[in-house]
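Residue numbers (this note's numbering): 3 to 119. The C-beta atom is built at its ideal place from N, Cα and C for all residues, glycine as well. For reference, the structure discussed in these notes is given below.
Written out as structure tokens, the structure is:
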């Protein structure tokens, strides 16, 4: 079963509109940058469109490398370009820098380490 059959963007959009209507609060998107998965110019432009559904801001998150998982961190120049596309489109965007990766203690790494014990 495709993930989009149970978790689709239209349903998410409707939920975001409902949330904003009820709370009048800006939505924060947490977007993990994955090299060659979701870090292209097209991905950035699609995120710009999606972020305009309701008032929002976006936190770009550097992926933390995890042993045994094939995802890779987006290169810094790719993150910079992605961020520039968002900013130039008027999107409020922040880059959340990773901490603790050098000792396998960054977000996502600790949980995997615990399950591997």
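Contact defined as beta carbons within less than 8 angstroms: I believe residue i pairs with residue j. What is the distance between those atoms, to the nearest angstrom?
i: residue 97; j: residue 46; result: 13 angstroms between Cβ atoms; not a contact.
i: residue 55; j: residue 33; result: So it is not a contact: roughly 15 angstroms between Cβ atoms.
Have a look at residue i and residue j and give me their C-alpha separation to the nearest angstrom.
i: residue 70; j: residue 36; result: 15 angstroms
i: residue 17; j: residue 50; result: 18 angstroms
i: residue 40; j: residue 75; result: 11 angstroms
i: residue 25; j: residue 78; result: 36 angstroms
i: residue 14; j: residue 31; result: 12 angstroms
i: residue 68; j: residue 44; result: 26 angstroms
i: residue 86; j: residue 99; result: 16 angstroms
Look at the Cβ atom of residue i, then the Cβ atom of residue j, and state whether they are nearer than 8 angstroms.
i: residue 62; j: residue 95; result: yes
i: residue 53; j: residue 93; result: yes
Label residue i either buried or exposed according to how many other C-beta atoms from any shown protein chain fall within 10 Å of its C-beta, with 16 as the threshold for buried.
i: residue 65; result: buried
When you compare each of the options to residue i by their alpha carbons, which one comes out closest?
i: residue 38; options: 23, 90, 73 and 20; result: 73
i: residue 58; options: 80, 22, 86 and 44; result: 22
i: residue 11; options: 27, 48 and 44; result: 48
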